[in-house]
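To start, the structure itself, in structure tokens.
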Amino acid sequence: SMVSQLEVLERLEDEGYEVSKRTLGYWRGKGLLPPLERDGQQYYWDEDVIERVKDLCSKREESILCEIELEGIKFPVERVEIKRFRGDLKAIIYLEDGRFILKRVREEFINAISIS
């Protein structure tokens, strides 16, 4: 059966998940959730999207929303900070195990990064 975004949010809230409409939109934009299907004035998802959102909420709580791959090994990324060092922009990629990677970032890429 089909569910609206509001129904998804209400059902998840009833089960103790904290997620906003904005977050659902962000995840949809990132391709982590399927696009909404239109039916007249309403937009719907297939009901199995609820399990997918729960999975994303759990990953968010574990702080694993993305991974970085180096030499064939995947490392879960906890967070990324962008700072300016001596005129250069640097991304500090904090890994789940406490280590970090420092990477130079080109100015024009910063506009493409959305901070949630």
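Note that this note's numbering numbers the sequence shown so that position 2 is 90, with each residue one more than the last.
Where is the CB? At the ideal position from N, CA and C, for every residue including glycine.
Note that this is a predicted model, so its numbers are computed, not measured.
Here Arg172 has Lys178 as same chain residues with Cβ atoms under 8 Å from its own Cβ, once five neighbours each way along the sequence are excluded. Secondary structure at Lys142: helix, using DSSP grouped into helix, strand and coil. Remark: C-beta atoms of Ile181 and Ile189 approach each other more closely than 8 Å.
Judged by beta-carbon spacing, Arg140 lies within the 8 Å limit of Leu121, meaning their Cβ atoms are closer than that value. Burial is judged here by how many other beta carbons sit within 10 angstroms of a residue's own beta carbon; Leu97 has at least 16 and is buried. With contacts defined by Cβ atoms closer than 8 Å, Lys147 and Tyr105 do not form a contacting pair.
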